[in-house]
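Chains as they are written, first to last, in the working numbering: chain R, -12 to 205; chain H, 12 to 172. Reviewing the structure listed below.
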């Protein structure tokens, strides 16, 4: 299963540059963990960073730095064990590895909160730069027509939805410009579960923000 | 030590441009070089240049320590691990990323606005919204300019510009 909707180039640059708000970094990492083509494009963005560093003049390190590094290179170190266990594809029971620190490991352990008819959500409290949340929307539901007032990045984890931009299935990301107007309709069958980042102050428009507004009472 | 003498001052300049204090920036440079050395198993010259790899390590340490994201390094190692090539992989199957003359030229030739947005991203770690606010530019224009810049830089990287 390969995703059909990928990260925008401007998002790749922001991630590579360390310039994305934390909530967005998490969603990007989750998509990267299952999308080789975006990882390859990310390597291009990192090459830009590397080249920019190479092209500039250096700044002087303090006099002791060189001896310090010689000494430390000679020290014995225990390399961290290679315990990376990222999944290459989406698992129906296990969240993508980059989401674990924020939501836990398995879907069955998630504690959903109802925020409206057919809409559940979990907000991660471990991110203080932007808002990071899981959303679960009942099958066959129509989300009101909306545009995005700020940045919103959504990755589909389970289920699917359709809008004028196409069919969004597990692994796909909706990385939309603020002026795109769309009206997602979740597919019949299973609920649509997605992870989303937004940098909106919650009182502004944006469908996630509006969906969440009653919950936050803003 | 040639690698150290060449890259340490450049990495320091990078971290200082991100507004990391001098002493901490120097420590992050040292840590970057040590990691390059100790995690040499993750470095794959067929996938990325040394400069690219050092940039990634320095950027990751910056996000981990300055932006205070305790899970960032683990997540990045997990992602690197996915694309590890095994020794039996055929070298010719991966694209060589050794020559970046084309990329340098593409960077030099970026239109002024695009060059500025790229620099604000990489050297100031400004988000798209922050750039839009600072330059009084619509968010959509910031993104579309970055997109156009990236297309040119990728073309340079592939040697087709």
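For every residue, glycine included, the Cβ atom is placed at its ideal position computed from N, Cα and C.
Could you give the residue range of the beta strand (DSSP E) that holds residue i?
{"i": "residue 162 of chain R", "result": "160 to 163"}
{"i": "residue 155 of chain R", "result": "153 to 155"}
{"i": "residue 179 of chain R", "result": "179 to 185"}
{"i": "residue 144 of chain R", "result": "139 to 145"}
{"i": "residue 100 of chain R", "result": "100 to 103"}
{"i": "residue 120 of chain R", "result": "118 to 124"}
{"i": "residue 148 of chain R", "result": "148 to 150"}
Please report whether the beta-carbon of residue i lies at a distance below 8 Å from any beta-carbon of chain H.
{"i": "residue -10 of chain R", "result": "no"}
{"i": "residue 243 of chain R", "result": "With chain R represented from -12 up to 205, any question about residue 243 of chain R goes unanswered, as that position is not in the structure."}
{"i": "residue 24 of chain R", "result": "no"}
{"i": "residue 143 of chain R", "result": "no"}
{"i": "residue 6 of chain R", "result": "yes"}
{"i": "residue 54 of chain R", "result": "no"}
{"i": "residue 88 of chain R", "result": "yes"}
{"i": "residue 190 of chain R", "result": "Only weak support exists for where residue 190 of chain R lies, its pLDDT of 43 falling under 50; the value from the coordinates is given anyway. False, the Cβ-Cβ gap to chain H never drops below 8 Å."}
{"i": "residue 186 of chain R", "result": "yes"}
{"i": "residue 206 of chain R", "result": "Limits of chain R in this structure are -12 at one end and 205 at the other, which puts residue 206 of chain R out of reach."}
{"i": "residue 84 of chain R", "result": "yes"}
{"i": "residue 100 of chain R", "result": "no"}
{"i": "residue 203 of chain R", "result": "Residue placement at residue 203 of chain R is flagged as unreliable, the pLDDT there being 46, under the threshold of 50; the coordinate-derived value follows with that caveat. No, its Cβ sits nowhere closer than 8 Å to a Cβ of chain H."}
{"i": "residue 59 of chain R", "result": "yes"}
{"i": "residue 158 of chain R", "result": "no"}
{"i": "residue 137 of chain R", "result": "yes"}
{"i": "residue -5 of chain R", "result": "yes"}
{"i": "residue 91 of chain R", "result": "no"}
How far does the alpha helix (DSSP H) with residue i in it reach, from first residue to last?
{"i": "residue 63 of chain H", "result": "61 to 76"}
{"i": "residue 17 of chain H", "result": "13 to 28"}
{"i": "residue -7 of chain R", "result": "Counting along the chain, residue -7 of chain R falls outside any alpha helix (DSSP H), and DSSP gives it neither H nor E."}
{"i": "residue 153 of chain H", "result": "150 to 168"}
{"i": "residue 89 of chain R", "result": "87 to 90"}
{"i": "residue 36 of chain H", "result": "33 to 49"}
{"i": "residue 62 of chain R", "result": "Careful: residue 62 of chain R lies outside any alpha helix (DSSP H) and carries neither H nor E."}
{"i": "residue 131 of chain H", "result": "123 to 135"}
{"i": "residue 38 of chain R", "result": "23 to 42"}
{"i": "residue 94 of chain H", "result": "Neither: residue 94 of chain H is in no alpha helix (DSSP H) and is coded neither H nor E."}
{"i": "residue 110 of chain R", "result": "Element bounds for residue 110 of chain R: not the alpha helix (DSSP H) but the beta strand (DSSP E), 106 to 110."}
{"i": "residue 116 of chain H", "result": "112 to 119"}
{"i": "residue 144 of chain H", "result": "139 to 146"}
Taking residue i and residue j to be in contact with their CB atoms under 8 Å, please state how far apart those CB atoms are, rounded to whole angstroms.
{"i": "residue 62 of chain H", "j": "residue 40 of chain R", "result": "6 Å"}
{"i": "residue 163 of chain H", "j": "residue 121 of chain H", "result": "6 Å"}
{"i": "residue 26 of chain R", "j": "residue 90 of chain H", "result": "7 Å"}
{"i": "residue 10 of chain R", "j": "residue 161 of chain R", "result": "Actually they do not touch by this definition, with Cβ atoms about 15 Å apart."}
{"i": "residue 171 of chain R", "j": "residue 146 of chain R", "result": "The pair is not a contact, with the Cβ atoms about 11 Å apart (cut-off 8 Å)."}
{"i": "residue 83 of chain R", "j": "residue 20 of chain R", "result": "5 Å"}
{"i": "residue 8 of chain R", "j": "residue 159 of chain R", "result": "At roughly 21 Å, the Cβ-Cβ gap does not stay under 8 Å, so residue 8 of chain R and residue 159 of chain R are not in contact."}
{"i": "residue 142 of chain R", "j": "residue 182 of chain R", "result": "5 Å"}
Taking 8 Å as the CB-CB limit, is residue i close to chain R?
{"i": "residue 37 of chain H", "result": "yes"}
{"i": "residue 105 of chain H", "result": "Any answer about residue 105 of chain H is weak, because its pLDDT of 40 lies below 50 and its placement is not dependable; what the coordinates show is given next. Chain R contact via Cβ: absent."}
{"i": "residue 41 of chain H", "result": "yes"}
{"i": "residue 101 of chain H", "result": "Summary for residue 101 of chain H: the model assigns pLDDT 46, below 50, so the residue's position carries little reliability; its value from the coordinates is reported in the next sentence. So, not an interface residue."}
{"i": "residue 120 of chain H", "result": "no"}
{"i": "residue 140 of chain H", "result": "yes"}
{"i": "residue 144 of chain H", "result": "no"}
{"i": "residue 170 of chain H", "result": "no"}
{"i": "residue 72 of chain H", "result": "no"}
{"i": "residue 94 of chain H", "result": "yes"}
{"i": "residue 164 of chain H", "result": "yes"}
{"i": "residue 60 of chain H", "result": "yes"}
{"i": "residue 161 of chain H", "result": "yes"}
{"i": "residue 44 of chain H", "result": "yes"}
{"i": "residue 30 of chain H", "result": "no"}
{"i": "residue 56 of chain H", "result": "no"}
- Query: Quick check: the stretch 152 to 163 of chain R against the stretch 91 to 100 of chain R, are there 3 or more CB pairs under 8 Å?
  - Reply: no
- Selection of the stretch 106 to 123 of chain R by Cβ proximity to chain H, strictly under 7 Å: none
- Taking Cβ-Cβ distances below 9 Å as the criterion, which residues of the stretch 35 to 52 of chain R are in contact with chain H? 35, 36, 37, 38, 39, 40, 41, 42, 43, 44, 45, 46, 47, 48, 49 and 52
- Query: Quick check: the stretch 124 to 140 of chain H against the stretch 153 to 162 of chain H, are there 3 or more CB pairs under 8 Å?
  - Reply: yes
- Task: Evaluate contact between the stretch 42 to 49 of chain R and the stretch 98 to 115 of chain R, counting only Cβ atoms and requiring at least three cross-stretch pairs below 8 Å.
- Result: no
- Message: Any contact between the stretch 57 to 72 of chain H and the stretch 29 to 45 of chain H? By contact I mean 3 or more CB pairs, one from each, below 8 Å.
- Response: yes
- Task: Please determine if the stretch 56 to 65 of chain R and the stretch 42 to 51 of chain H are in contact, where contact requires at least 3 C-beta pairs separated by less than 8 Å.
- Result: yes
- Sufficient close CB pairs (3 or more, under 8 Å) joining the stretch 172 to 180 of chain R to the stretch 113 to 124 of chain R: yes
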